[in-house]
Structure formats: structure tokens, C-alpha cells
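Chains as they are written, first to last, in the working numbering: chain X, 2 to 267; chain G, 2 to 272. Take a look at the structure set out below.
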Amino acid sequence: MSRTFALQARRFGAVNWIGCWSLLRRQFKNGFSDLHYTILGPVISNALYLLLFVIASSSLTTLDPEAIVTFIAPGLVCFAIAERAFEVSGANLIFDKHERTHTDWVMAPLTPTEKAACFALSSTIGGMAVGIAVALMTLLFVPAAVAHPGALLFFAVATGMMHGLIGTLLGIWAAKWDQYTALHTFVLLPLAFLSGVFAPVASMPETAQSLIAFNPIFYLIDGFRYGAIGEAAADLRLSVGVAVAVNAGLFAWVHFWLRTGYRLKS
Amino acid sequence: MSLPRSLPQALAPRHYSTVNWVGLQTLYMKEVRRFMTVATQTILAPMVTTLLFLAVFVLALGHAVDKVAGEPYVAFLAPGLIMMAITQNAFANTSSSILISKIQGNIVDLLMPPLTPLERTIGLAGGGLTRGLVVGVATWVAMVPFVPVSLAHPGFILFHGVMASLLMSLVGVLAGVWAEKFDHMAAITNFIVTPAAFLSGTFYSAARLPEFWQGVAHANPLFYMIDGFRYGFIGHADGSLTAGILVLLGANAFLLWLTYRLFATGYHLKA
Numbered sequence: 002m003s004r005t006f007a008l009q010a011r012r013f014g015a016v017n018w019i020g021c022w023s024l025l026r027r028q029f030k031n032g033f034s035d036l037h038y039t040i041l042g043p044v045i046s047n048a049l050y051l052l053l054f055v056i057a058s059s060s061l062t063t064l065d066p067e068a069i070v071t072f073i074a075p076g077l078v079c080f081a082i083a084e085r086a087f088e089v090s091g092a093n094l095i096f097d098k099h100e101r102t103h104t105d106w107v108m109a110p111l112t113p114t115e116k117a118a119c120f121a122l123s124s125t126i127g128g129m130a131v132g133i134a135v136a137l138m139t140l141l142f143v144p145a146a147v148a149h150p151g152a153l154l155f156f157a158v159a160t161g162m163m164h165g166l167i168g169t170l171l172g173i174w175a176a177k178w179d180q181y182t183a184l185h186t187f188v189l190l191p192l193a194f195l196s197g198v199f200a201p202v203a204s205m206p207e208t209a210q211s212l213i214a215f216n217p218i219f220y221l222i223d224g225f226r227y228g229a230i231g232e233a234a235a236d237l238r239l240s241v242g243v244a245v246a247v248n249a250g251l252f253a254w255v256h257f258w259l260r261t262g263y264r265l266k267s
Numbered sequence: 002m003s004l005p006r007s008l009p010q011a012l013a014p015r016h017y018s019t020v021n022w023v024g025l026q027t028l029y030m031k032e033v034r035r036f037m038t039v040a041t042q043t044i045l046a047p048m049v050t051t052l053l054f055l056a057v058f059v060l061a062l063g064h065a066v067d068k069v070a071g072e073p074y075v076a077f078l079a080p081g082l083i084m085m086a087i088t089q090n091a092f093a094n095t096s097s098s099i100l101i102s103k104i105q106g107n108i109v110d111l112l113m114p115p116l117t118p119l120e121r122t123i124g125l126a127g128g129g130l131t132r133g134l135v136v137g138v139a140t141w142v143a144m145v146p147f148v149p150v151s152l153a154h155p156g157f158i159l160f161h162g163v164m165a166s167l168l169m170s171l172v173g174v175l176a177g178v179w180a181e182k183f184d185h186m187a188a189i190t191n192f193i194v195t196p197a198a199f200l201s202g203t204f205y206s207a208a209r210l211p212e213f214w215q216g217v218a219h220a221n222p223l224f225y226m227i228d229g230f231r232y233g234f235i236g237h238a239d240g241s242l243t244a245g246i247l248v249l250l251g252a253n254a255f256l257l258w259l260t261y262r263l264f265a266t267g268y269h270l271k272a
């Protein structure tokens, strides 16, 4: 009496939901194991930035410290989202490659689209968690400001997703921590710092203004600030367009690398 | 395998004169090579971050600041930022060296060699001191194209640079000995070292603060480092220079003694 089971490949529907959910949980377990460190650190350093600006502007200038803090606070929240989102996917990937545990998800029956989406989503959620914590901290300095909730949410998600995808690309490309931190310090951090987080673009020298127009992070922060306090330096439609286009481009790039197995399957 | 016919002549402990120069040099060079091999992260990265701080504050506030202490804001800010880079890196060098050794288990390489506690203190602190000064010089050089740099009193620059770097590298040794996990070190950096550096007159003139905050500033040793260091560049100090020199000498003497005692007793190191 023998029954034969067909030994064929297991089939999934259009989306392997269980696989996606597992990969997401894996990302979070790695990123959220030390909460006080990942959330409290940014909260404190951003509180220090705000405090510094209050003290410096009130003791050195005739500017209204409240106006300055109102302007800077949304930028800092957006910046905190970006940093954390970048770290969730980037640091996880490098760690995986070092420990050779990336095979766990390279081998799993997930399509490149599913993998890329999971990386982007986990980064976005991780970034938003830190962003919310930093936003609550800013309430110590400024009253809550939500001028356009839709824009706020859109640019928060766009920021988290974009940095998650950049982190994924860097994590796939970098062979060592050195390369990863070097690109972060020498490329991403300057782009973020010089994107109008701390000063209105209009107050900058003209060369700086025209250079900033090429910095995608500027549009994200500008749009986010519009969502919070209703002020924008760039045309909102342009900001939305840049956010969508850059995210789509990065997603396609991540998808391509995951599909070909660049630096992952060798 | 045959046994050696004769044993080495003297199996007595090796004797050193007053100072084990070879050992001291080895420890010092180990500490220096440790950060030089990753110079991109340990020298170039702090240099870039410091320049970014300069750019951000000058862009955000520079246009609205008339003059601080008779100088343009950027000239006032630059020495403070250089000092901040020195202190943070001196601290990072010694603290991470000891903590990583403890976690990886190769701290015995520091504890077993025939070095006296004083030699250990000097070798480690010397490494941190060097890192702080190298970063300070690198940051200063990078700033020269952007900042009108004057050198009013080079002696003060040197004295405060060395004293600050030494002080923070000794604090780093203490933190490294005390901490058991990276979390502990992150907590010290986030809650003590960074706030102390940020709120010590790097970005603003303490003389223009409300009285309460002036008092807070004067209780912070980092205030005296920055103030005296800045005096060396622009020739203006907010606080008393004599008090600053005494505070730095006193604090360093105390920390050297404390570190020496820790190594001598093996606190947190020799279970």
C-alpha cells in the first residue's frame, strides 16, 4: 500500500504573506532589541540641539527663539526618522553579511519585490517610531503643530522609505562597517545637515540655494515642515513629485540588486 | 622530540629599571595604531561632522549675530568646535579601547605585561591625548579656508588643548573601566559627555547668559577648557584664566591619581 506524494515546489499565491510577515518580524527583532538606546539617544541629542538653539539665539541675536525652534523642530523630527530608517535596513544587512546569516532571507521563497517592500516597510515603521518619540519631545519647546496631517504623513512615510531603501543599497554594497559608516558620514549626513533642517533656504547664499535644489532630502524636509507648520520653501507639487520619483527609482534599484543577487549570491 | 640539553641560563624574573620603556612604548603605540588604522572613522569623520556643525550654526544664526566678544560669530564658534572635537575623540579613544578589550577578553594583554599601574595610565592616556590632538589639528586645518583664524596666544592654545585632551582621555579610561556593556558607554556619552560639551559655551558666550546658567557653566570643567582655548585664538575670555588653569591642572592631577589607584587595585579589571 503506497501513496505517493508529489515532491513538487510549494506554491504560494500572488504574495507570500507568511514569508513577508516573517521577514518583517526578523527586521524588527534585530532593530528593536535595545529600545532605550535607539529611541532615547535621538530624543536626547535632539533635545540638546533645540536647547542650544534657544540659548544661542536668545543670548546672541535679536531673533525670536520661539520662531527659530518652531522652524527647526519639524526638520529635526524628519531627520530623526531618516537616520533611524537608514539604520534599520543598513545596519541589519551589514550585520547579516558579517555573520553570514543573510542566507536566511536570500534563500527564503520570497520574490525580490516582497523582499524590497519588507525592507522599506520595516525601515519606515522603525523611523516613524523614533520620529514620534522626538516629536513628543519637541512639545517641551513648542506647541504641537499639525497644519496638514495628510502632507505630514506622506512626507514622513516618504522619508522613512527613501532612507530605508538607501540603507538597503548601502548594506548590500558595503563589504565592511568602514565603508558603511564612511558613506553615512561623508555623503548622507552632509546631505541631511545641509538640506534646510536648521535654516530657511531663503537666508542662505545664492550658490547654496541653487545647490540645495538638487538635494532630494531638502524636498522631504520642506514638505514635512509644510505638513507641520504650513510653511514651504519649494512648490509642494514639486516636493511630492521628487519624493515619489526618488522612491520609485530607489525601489527599482533595490529590486534589481535583489533579483540579480549582486554582492549577496556569490 | 628530545628535551633541551640545558635550560636557559637564568629563569629568574626579568628586571627592569625604574621605567619599562619598551613596555610603555608598546602600549602607547598600540593605542595610536588602533585609531590610525581606521583614520577615516577616527579623524576624518569627526572633522567632517565638526565642519557641518560650523556650517549649520553659521547659516542659521550667523546672519543675525552682530559680533560676539568683538569677533564675527564664525571666529568665535570655531575654537569651541575644535575643542569639542578634541574632547569627544580623546574620550572615545580610551573608553572604547578598554571596553572592547574587556568584552573581547583581551584585556589581559593590558593587565599581564610587566607594566606598573603608572605606566599603564600614561600609555593609555597618551593614546587618547594623541587622538584628541590629531583630530584637533585636522579640524583646525580644515577650518582655515572658511574662518578668519588669528592666533592671539599660541601658548594658551597648546596648554588648553593638551590639558583638555588629557583630561577627557582619563575620564574615558575611568568610563571604560567602569562600563560593562556598550549600553553603559552609550549612556555615559549621551547623558554626560555630549551634554557637557554642548552646554559649555561652545556655541554661545557664557558672559551673555542669565546668571543661573552662568553659574552652571562655571561649574563645568569643559567651560574652562573652551574658554581658555578660545582665548588663545581670539584673545577674549569669558571667565577667569587663572581659575581655568588651576581647574585644569587640579582636575588632571586628581584624575591621574584616580586612574592610577584603579589600575593599582584592579577595580572592575581583576576579578
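No residue lacks a Cβ here, since even glycine has one placed at the ideal position from N, Cα and C.
Three-state secondary structure (DSSP) of residue i
{"i": "Glu212/G", "result": "helix"}
{"i": "Glu72/G", "result": "strand"}
{"i": "Arg11/X", "result": "coil"}
{"i": "Leu171/X", "result": "helix"}
{"i": "Met163/X", "result": "helix"}
{"i": "Val188/X", "result": "helix"}
{"i": "Leu111/G", "result": "helix"}
{"i": "Glu207/X", "result": "helix"}
{"i": "Asn31/X", "result": "helix"}
{"i": "Phe199/X", "result": "coil"}
{"i": "Leu12/G", "result": "coil"}
{"i": "Leu153/X", "result": "helix"}
{"i": "Ser151/G", "result": "coil"}
{"i": "Asp1/G", "result": "In the structure as shown, chain G begins at 2 and stops at 272. Residue 1/G is therefore absent and cannot be evaluated."}
{"i": "Asn17/X", "result": "coil"}
{"i": "Leu25/G", "result": "helix"}
{"i": "Pro80/G", "result": "helix"}
{"i": "His269/G", "result": "coil"}
Cross-chain neighbours of residue i in chain G, by beta carbon under 7 Å
{"i": "Gly42/X", "result": "Ala187 and Asn191"}
{"i": "Leu53/X", "result": "Phe199 and Phe204"}
Opening and closing residue of the alpha helix (DSSP H) in which residue i lies
{"i": "Arg231/G", "result": "Pro222 to Ile235"}
{"i": "Phe58/G", "result": "Ala46 to Leu62"}
{"i": "Gln42/G", "result": "From DSSP, Gln42/G is part of no alpha helix (DSSP H); its letter is neither H nor E."}
{"i": "Ala249/X", "result": "Leu237 to Thr261"}
{"i": "Val78/X", "result": "Pro66 to Glu100"}
{"i": "Arg264/X", "result": "Arg264/X -> no alpha helix (DSSP H), and no H or E assigned at all."}
{"i": "Phe120/X", "result": "Pro113 to Thr139"}
{"i": "Asp239/G", "result": "Here Asp239/G belongs to no alpha helix (DSSP H), and DSSP marks it neither H nor E."}
{"i": "Ala198/G", "result": "Thr195 to Phe199"}
{"i": "Val20/G", "result": "No alpha helix (DSSP H) holds Val20/G; DSSP gives it neither H nor E."}
{"i": "Gly202/G", "result": "Run containing Gly202/G: none; DSSP gives neither H nor E here."}
{"i": "Ala165/G", "result": "Pro155 to Trp179"}
{"i": "His103/X", "result": "First-last for His103/X: undefined, no H or E at that position."}
{"i": "Pro144/X", "result": "Pro144/X -> no alpha helix (DSSP H), and no H or E assigned at all."}
{"i": "Glu120/G", "result": "Pro118 to Met144"}
{"i": "Pro217/X", "result": "Pro217 to Ile230"}
{"i": "Met108/X", "result": "Unbroken run through Met108/X: none, as it is neither H nor E."}
{"i": "Phe192/G", "result": "Note, Phe192/G: premise wrong, no alpha helix (DSSP H); not H, not E."}
Amino acids of chain G, ordered along the chain, whose beta-carbon sits closer than 9 Å to that of residue i
{"i": "Thr71/X", "result": "Within chain G, no residue comes near Thr71/X; the closest Cβ sits about 13 Å away, beyond 9 Å."}
{"i": "Ile45/X", "result": "Asn191, Phe192, Thr195 and Pro196"}
{"i": "Leu49/X", "result": "Thr195, Pro196, Phe199 and Leu200"}
Contacts that residue i makes with chain X (C-beta to C-beta distance below 9 Å)
{"i": "Pro222/G", "result": "Within chain X, no residue comes near Pro222/G; the closest Cβ sits about 18 Å away, beyond 9 Å."}
8 Å Cβ cut-off: residues of chain G touching residue i
{"i": "Phe194/X", "result": "Leu53, Ala56 and Val57"}
Amino acids of chain X, ordered along the chain, whose beta-carbon sits closer than 8 Å to that of residue i
{"i": "Val69/G", "result": "Leu61"}
Residues that residue i contacts on chain X, provided the C-beta gap is smaller than 7 Å
{"i": "Val66/G", "result": "Leu61 and Thr62"}
C-beta neighbour in chain C for residue i, strict 8 Å
{"i": "Ala136/X", "result": "Checking the listed chains, one finds no chain C in this structure; the protein chains it contains are X and G."}
Any C-beta of chain G within less than 7 Å: which residues of the stretch 197-223 of chain X qualify? Phe199, Ala200, Ser204 and Met205
Could you run through the stretch 164-190 of chain X and flag, in chain order, every residue whose CB is less than 8 Å away from some CB of chain G? Asp179, Thr182, Ala183, Thr186, Phe187 and Leu190
Chain X contacts made by the stretch 47-64 of chain G, where a contact means CB separation under 8 Å: Val49, Thr50, Leu53, Ala56, Val57, Phe58, Leu60, Ala61, Leu62 and His64
Identify each residue in the stretch 200-211 of chain G for which the Cβ-Cβ distance to at least one residue of chain X is less than 8 Å, and report them in chain order. Leu200, Phe204, Tyr205, Ser206, Arg209 and Leu210
Taking Cβ-Cβ distances below 7 Å as the criterion, which residues of the stretch 23-45 of chain G are in contact with chain X? Val39, Thr41 and Gln42
Cβ-based contacts, 8 Å cut-off: residues of the stretch 56-69 of chain X near chain G: Ile56, Ala57, Ser58, Ser60, Leu61, Thr62, Thr63, Leu64 and Ile69
Could you please tell me which residues of the stretch 137-158 of chain G, in chain order, have their CB closer than 8 Å to any CB of chain X? none
Below 9 Å between beta carbons is the criterion; list the residues of the stretch 137-159 of chain X that meet it against any residue of chain G, in chain order. none
Taking a cut of 8 Å between CB atoms, which residues from the stretch 77-88 of chain X lie near chain G? none
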